[in-house]
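Visitor: Just dropping this structure here.
Number of protein chains: 2
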Amino acid sequence: MAKEKPLILVCNDDGITAPGIRTLVEVMNELGEVVVVAPDGPQSGMGHAITIDGILRCDPIHITEGPQKEYSCSGTPVDCVKLAVNVVLDRKPDLVVSGINHGSNSSINVIYSGTMSAAVEGSLEGIPSIGFSLCDFSWEANFSEAKPFIKTLARKVLQEGLPHGICLNVNIPKHTGQPYKGIKICRQARANWEEEFDSRKDPRKRNYYWLTGTFKNYDGGEDTDEWALENYYISVVPINSDFTAHELSQTLNAWKL
Amino acid sequence: MAKEKPLILVCNDDGITAPGIRTLVEVMNELGEVVVVAPDGPQSGMGHAITIDGILRCDPIHITEGPQKEYSCSGTPVDCVKLAVNVVLDRKPDLVVSGINHGSNSSINVIYSGTMSAAVEGSLEGIPSIGFSLCDFSWEANFSEAKPFIKTLARKVLQEGLPHGICLNVNIPKHTGQPYKGIKICRQARANWEEEFDSRKDPRKRNYYWLTGTFKNYDGGEDTDEWALENYYISVVPINSDFTAHELSQTLNAWKL
Numbered sequence: 009m010a011k012e013k014p015l016i017l018v019c020n021d022d023g024i025t026a027p028g029i030r031t032l033v034e035v036m037n038e039l040g041e042v043v044v045v046a047p048d049g050p051q052s053g054m055g056h057a058i059t060i061d062g063i064l065r066c067d068p069i070h071i072t073e074g075p076q077k078e079y080s081c082s083g084t085p086v087d088c089v090k091l092a093v094n095v096v097l098d099r100k101p102d103l104v105v106s107g108i109n110h111g112s113n114s115s116i117n118v119i120y121s122g123t124m125s126a127a128v129e130g131s132l133e134g135i136p137s138i139g140f141s142l143c144d145f146s147w148e149a150n151f152s153e154a155k156p157f158i159k160t161l162a163r164k165v166l167q168e169g170l171p172h173g174i175c176l177n178v179n180i181p182k183h184t185g186q187p188y189k190g191i192k193i194c195r196q197a198r199a200n201w202e203e204e205f206d207s208r209k210d211p212r213k214r215n216y217y218w219l220t221g222t223f224k225n226y227d228g229g230e231d232t233d234e235w236a237l238e239n240y241y242i243s244v245v246p247i248n249s250d251f252t253a254h255e256l257s258q259t260l261n262a263w264k265l
Numbered sequence: 009m010a011k012e013k014p015l016i017l018v019c020n021d022d023g024i025t026a027p028g029i030r031t032l033v034e035v036m037n038e039l040g041e042v043v044v045v046a047p048d049g050p051q052s053g054m055g056h057a058i059t060i061d062g063i064l065r066c067d068p069i070h071i072t073e074g075p076q077k078e079y080s081c082s083g084t085p086v087d088c089v090k091l092a093v094n095v096v097l098d099r100k101p102d103l104v105v106s107g108i109n110h111g112s113n114s115s116i117n118v119i120y121s122g123t124m125s126a127a128v129e130g131s132l133e134g135i136p137s138i139g140f141s142l143c144d145f146s147w148e149a150n151f152s153e154a155k156p157f158i159k160t161l162a163r164k165v166l167q168e169g170l171p172h173g174i175c176l177n178v179n180i181p182k183h184t185g186q187p188y189k190g191i192k193i194c195r196q197a198r199a200n201w202e203e204e205f206d207s208r209k210d211p212r213k214r215n216y217y218w219l220t221g222t223f224k225n226y227d228g229g230e231d232t233d234e235w236a237l238e239n240y241y242i243s244v245v246p247i248n249s250d251f252t253a254h255e256l257s258q259t260l261n262a263w264k265l
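From first to last, the protein sequence lines are chains A and G. Count the first sequence with the numbering used here and you get residues 9 to 265, in order. Count the second sequence with the numbering used here and you get residues 9 to 265, in order.
What follows is the structure, given as structure tokens:
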């Protein structure tokens, strides 16, 4: 008897109709049985938010041709993964893939990213999980050149698995027309956002604000995701959901609280 | 000339009127100049979400008597910290404190918690930051017995500082009437939530879901926050915003991608 095809759950944060997730569905259809459970609209910047105070909808939907089954969900990316695993799917998926995000989730962006939080949630459920992002915000971005790398990574993770609670953060440079140089295993660069709020007055003269900001990389290391991306490599960072800063325990114990 | 009083930013995720933040403001008023920038309503489970697609409000408000200045914000806890640092305050705060959360943020709860995400955001801004949570969901919880410990911890962090990008996750057991046993430096226990969605039909016969679940601690270690809390200690876990799972790099490099 032939081995069952792997079951692959696909999610994202740009919404179920985004070109990025359409590309990811195409690639995953070549590797297994695909079920999409993704937000019904944009959920960028939602981090690891879950819906506690409100209800969730999750209904079948048809978006593009193909063998995949699809469900549109009213919640956050993390809600999508929880609903998929507990309500939609009749067995535990073999792989969770999230993305392809429109825009980078390298470095500290991982913490704000709904796309990556879906992958982290998959890893907490004990499922090997990968988040994919293309460093190009355009809705017409070139996702095609990334496809073989995504397929290689997904197949490898299906074969090898990943430890419980650890997922992969994969970022792909904006395509320039040249072939990508390859894949690099990296660490998260030390970087953050310098906010600049755009302060305005509404028609009733009340103040309001738009969050804007500039990304600042403070990390000169050549082993970081930022370095890899600047040098046209696809970066892979293993992401831990144990946030303990073990290196600080000794200092804190010396405080004798 | 006397040294300037430390500037302390107070935030939470239960909303600016919650009893927990009122207690925190009281304690912080004894330590420095206090500015509160907190959500105008409940933002529990918002994780590290930020408001990208919508506008933010942030207006002065008076809630309780005291020397503190207060601002009510329409956004998430992380938005509050960003707005405070970039719009409200005229100098960088010396300390960010978030809470006191109504309910535990121990173990994996740190990842879903708006309270803890505010503290993490403070640490990313280079400000020593602490999140406080009481393991008691009741609006009438006993916060008083926690006050001396909160004051001790905040004063110590004001004196010693914390490394950039690392904050403290402080959880306080529900008060039983006995004095707390003390403070323990811990690591995040390996645990997660087993979801159980409550599936219902709306008046128009459409399905909807409520997220519920049971917390499962899989970690038998006596150095974890869960162990400390069960044994009536206040747990302190240093939280890192570098999520790289460095221990997996060698394995991934061996994959020869």
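Just so it is clear, CB atoms sit at the ideal spot from N, CA and C, and this is done for glycine as well. It should be emphasised that the depicted structure is a prediction, and the values quoted were computed from it without experimental measurement.
1. If we ignore side chains and look at the alpha-carbon of each, how far apart do Asp206 (chain G) and Trp263 (chain A) end up?
2. Measure the alpha-carbon distance for Val178 (chain G) versus Pro171 (chain A) and round it to whole angstroms.
3. Any idea what DSSP makes of Arg208 (chain G), helix, strand or coil?
4. Would you kindly check if the distance between the Cβ of Val128 (chain G) and the Cβ of Cys194 (chain G) is under 8 Å?
5. Please classify Asp22 (chain A) as buried or exposed, where buried requires at least 16 neighbouring CB atoms within 10 angstroms.
6. What are the start and end residues of each continuous alpha helix (DSSP H) run of 4 or more residues lying completely inside the region 107-144 of chain A, in chain order?
7. Give the straight-line distance between the Cα atoms of Ile69 (chain G) and Trp147 (chain G), rounded to the nearest whole angstrom.
8. Do Cys175 (chain A) and Ile138 (chain A) have their C-beta atoms closer together than 8 Å?
9. If we ignore side chains and look at the alpha-carbon of each, how far apart do Phe157 (chain A) and Ser243 (chain A) end up?
10. Hey, could you find the ends of the alpha helix (DSSP H) Ala46 (chain A) is sitting in?
11. Is any beta-carbon of chain A found at less than 8 Å from that of Phe251 (chain G)?
12. Short of 7 Å Cβ to Cβ, which residues in the region 94-123 of chain G face chain A?
13. Please specify which runs of the alpha helix (DSSP H), each continuous and at least 4 residues long, are wholly inside the region 44-97 of chain A, giving them in chain order.
14. Could you name the residues of chain G that Ile63 (chain A) contacts, counting a contact when the two beta carbons are closer than 7 Å?
15. From the beta carbon of Thr25 (chain G), is the nearest beta carbon of chain A less than 8 Å away?
16. Going by C-alpha distance, which of A:Asp61, A:Cys66, A:Ala149 is nearest Gly49 (chain A)?
17. Who pairs with Thr232 (chain G) in a beta bridge, going by DSSP?
18. Can you give me the start and stop residues for the alpha helix (DSSP H) that Asn266 (chain A) sits inside?
19. Out of G:Arg212, G:Ala162, G:Leu237, G:Gly221, point me to the one whose CA is closest to His183 (chain G)'s CA.
20. How big is the Cα-Cα spacing for Leu260 (chain A) and Phe251 (chain A)?
21. Can you grab the Cα-Cα spacing for the pair Pro27 (chain G) / Ser152 (chain G), in whole Å?
22. Run the CB neighbour count on Gly130 (chain A), radius 10 Å, all protein chains shown included, and call it buried at 16 or more, exposed below.
23. Skipping 5 residues on each side, what residues in its chain have a beta carbon closer than 6 Å to that of Tyr240 (chain A)?
24. Going along the chain, which residues of the region 50-81 of chain G sit with their C-beta nearer than 8 Å to a C-beta in chain A?
25. Among G:Gly83, G:Trp235, G:Leu103, G:His56, which one has its Cα closest to the Cα of Leu32 (chain G)?
26. Using alpha carbons as the reference points, say which of G:Tyr120, G:Cys19, G:Ile58, G:Gly55 lies closest to Gln76 (chain G).
27. Along chain A, in chain order, which residues have C-beta atoms closer than 8 Å to that of Arg195 (chain G)?
28. Output, in sequence order along the chain, the residues in the region 130-143 of chain A whose CB is closer than 7 Å to any CB in chain G.
29. Output needed in chain order: residues of the region 225-245 of chain A with a Cβ under 8 Å from some Cβ in chain G.
30. Any beta carbon from chain G within less than 8 Å of Ser146 (chain A)'s own beta carbon?
31. Just to confirm the assignment, what range does the alpha helix (DSSP H) spanning Asn239 (chain G) have?
Guide: The structure says:
1. 46 Å
2. 27 Å
3. strand
4. no
5. buried
6. 117-120, 122-132
7. 21 Å
8. yes
9. 11 Å
10. Here Ala46 (chain A) belongs to no alpha helix (DSSP H); instead the beta strand (DSSP E) covers 41-47.
11. yes
12. Asn94, Val95, Ile116, Val118, Ile119, Tyr120
13. 85-91
14. Tyr216, Tyr217, Trp218
15. no
16. A:Cys66
17. G:Arg195
18. Beyond the ends of chain A as shown, which are 9 and 265, falls residue 266 (chain A); an answer cannot be given.
19. G:Leu237
20. 16 Å
21. 11 Å
22. buried
23. Pro181, Lys189
24. Pro50, Ser52, Gly53, Met54, Gly55, His56, Ala57, Ile58, Thr59, Ile60, Asp61, Ile63, Leu64, Arg65, Cys66, Asp67
25. G:Leu103
26. G:Cys19
27. Asp250, Thr252, His254, Ser257
28. Leu132
29. Val244, Val245
30. no
31. Counting along the chain, Asn239 (chain G) falls outside any alpha helix (DSSP H), and DSSP gives it neither H nor E.
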